[in-house]
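Chains as they are written, first to last, in this note's numbering: chain C, 81 to 334; chain S, 3 to 167.
For glycine and all other residues, C-beta sits at the position ideal for the given N, C-alpha and C.
First the structure, in the form of structure tokens, and then the observations on it.
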């Protein structure tokens with residue numbers, strides 16, 4: 081039979097039960113704290129101080145490299161974008177200045193784009209703003225360091241355009257939503273969906289040949305003396321970040 | 003701490019802790035594991051003194067908690083409770099017998115597991131659920147393991163007697 085049942089047995093039982101409860105309540109904290117303390121002080125016995133230090137250095141170096149890698153990736157994306165823009169400036173007969181979209185103003189109907197280039201960079205009101213994809217709009221207001229670009233999707237914008245390869249002339253104006261419409265197109269023209277819409281020089285604002293969009297469909301069923309077409313913009317106006325602003329050529333000196 | 007004269011029991015308890023650990027990570031993961039450790043402690047407390055029902059239960063439980071990554075102290079508390087119940091059952095028995103030993107082991111197993119579940123639950127007590135139903139199959143398996151051990155003991159005794167004759 082089990083021995084005991086005495087007062088000392090009850091005392092021991094109570095003591096060990098109390099110890100169990102104490103370990104149960106404070107055990108993880110004590111074990112964790114003591115373990116951390118021992119680890120911090122005696123880890124060198126197992127790993128050696130030099131190795132431990134080198135591991136810490138390598139870890140810090142890895143973090144540093146990760147951060148550097150992220151920054152380089154962003155720079156690479158920017159470089160690719162600038163390369164495209166640079167290619168365009170080489171083909172354009174005009175000087176251009178690259179700018180970054182700082183923010184968009186929210187107008188009642190359509191906001192404008194605020195660019196980090198202004199009068200000190202040679203930007204003037206009426207300057208044409210483009211991206212690698214195509215025409216963005218026209219500079220409306222210019223401050224010293226910033227300018228405001230009115231996109232071609234704004235209600236007041238009208239752009240004289242031509243279709244390619246069909247060669248029809250028309251006026252580009254904003255349509256419903258963020259679409260564009262090419263109106264006043266000659267009835268005898270043979271514009272087809274897929275034709276590119278580019279600027280013409282007839283308006284006097286834009287140089288010719290800047291891509292605006294692509295004819296998506298003919299707006300049939302409307303009575304009138306001219307054809308109308310729906311145009312899909314070449315530029316995604318919600319994702320513009322870098323632009324080129326075409327500068328006015330300097331006055332020729334004799 | 004355990005006193006002198008208990009040296010023979012230490013390897014037995016250490017072996018029982020390792021065996022219990024192996025059972026918990028194998029059978030326990032699939033269904034339920036018997037409380038072999040409790041049976042060994044009951045056996046040792048009957049034959050080698052009650053220190054095995056207190057100090058033995060405490061240290062063995064602590065070692066098992068460390069091995070199984072359970073809340074430290076939960077198994078100790080459970081084993082202490084199990085040993086108290088087993089002691090009460092044995093004291094209530096009219097005479098020592100293998101049946102009494104088995105009954106004490108089974109009752110101790112139920113008490114041990116109930117207290118263990120309560121102690122290891124987070125938050126305490128409130129998170130107890132149907133998982134506690136595993137206590138009954140564990141008790142049955144403990145009885146089965148004890149019966150197997152008793153049968154093995156009887157057979158070993160018979161073989162020894164025959165060899166002696």
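For residue i, go through chain C and note every residue whose CB falls closer than 8 angstroms to its CB, in chain order.
i	result
residue 56 of chain S	89, 92, 93, 96
residue 37 of chain S	Per Cβ cutoff of 8 angstroms: no residues; residue 37 of chain S is ~17 angstroms from chain C at best.
residue 73 of chain S	104, 107, 108
residue 60 of chain S	96, 99, 100
residue 86 of chain S	93
residue 82 of chain S	93, 96, 97, 100
Would residue i be called buried (16 or more neighbouring beta carbons within 10 Å of its own) or exposed?
i	result
residue 159 of chain C	exposed
residue 54 of chain S	buried
residue 222 of chain C	buried
residue 204 of chain C	exposed
residue 254 of chain C	buried
residue 126 of chain C	exposed
residue 156 of chain S	exposed
residue 61 of chain S	buried
residue 67 of chain S	buried
residue 109 of chain C	exposed
residue 103 of chain S	buried
residue 140 of chain S	buried
Against residue i, what residues of chain S qualify as contacts under a CB-to-CB distance less than 7 angstroms, listed in chain order?
i	result
residue 111 of chain C	74
Relative to the C-alpha of residue i, which residue among the options is closest?
i	options	result
residue 137 of chain S	S:79, S:101, S:56, S:36	S:36
residue 198 of chain C	C:184, C:185, C:180, C:233	C:180
residue 99 of chain S	S:32, S:48, S:166	S:48
residue 232 of chain C	C:195, C:200, C:191, C:161	C:191
residue 256 of chain C	C:246, C:273, C:313, C:200	C:313
residue 92 of chain C	S:44, S:109, S:56, S:130	S:56
residue 305 of chain C	C:266, C:280, C:116, C:236	C:266
residue 176 of chain C	C:186, C:162, C:98, C:268	C:162
residue 319 of chain C	C:218, C:193, C:241	C:193
residue 39 of chain S	S:123, S:159, S:153, S:115	S:115
residue 146 of chain S	S:108, S:44, S:89, S:97	S:108
residue 93 of chain S	S:144, S:44, S:133	S:44
residue 89 of chain C	S:158, S:51, S:34, S:16	S:51
residue 264 of chain C	C:248, C:120, C:149	C:248
residue 101 of chain S	S:17, S:74, S:151, S:158	S:151
Using C-beta distances below 7 angstroms, list every residue in its chain close to residue i, excluding the 5 sequence neighbours before and after it, in chain order.
i	result
residue 65 of chain S	19
residue 142 of chain S	none
Between which residues of its own chain and residue i is the CB-CB distance below 6 angstroms, once the five residues before and five after are set aside?
i	result
residue 121 of chain S	76, 79
residue 220 of chain C	228, 230
residue 286 of chain C	208, 279
List the residues of chain C whose Cβ lies closer than 7 angstroms to the Cβ of residue i, in chain order.
i	result
residue 79 of chain S	97, 100, 101, 104
What residues in its chain sit with their C-beta under 8 angstroms from that of residue i, if we drop five residues either side in the sequence?
i	result
residue 200 of chain C	224, 225
Between residue i and chain A, is any beta-carbon pair separated by less than 8 angstroms?
i	result
residue 223 of chain C	Absent from the structure is chain A; the protein chains it does hold are C and S.
Mind checking whether the beta-carbon of residue i lies closer than 7 angstroms to any heavy atom of the ligand NAD?
i	result
residue 36 of chain S	This structure simply doesn't include the ligand NAD, nor any ligand for that matter.
Worksheet item: the segment 97-122 of chain S: which residues have C-beta closer than 8 angstroms to a C-beta of chain C, in chain order?
Response: 98, 121
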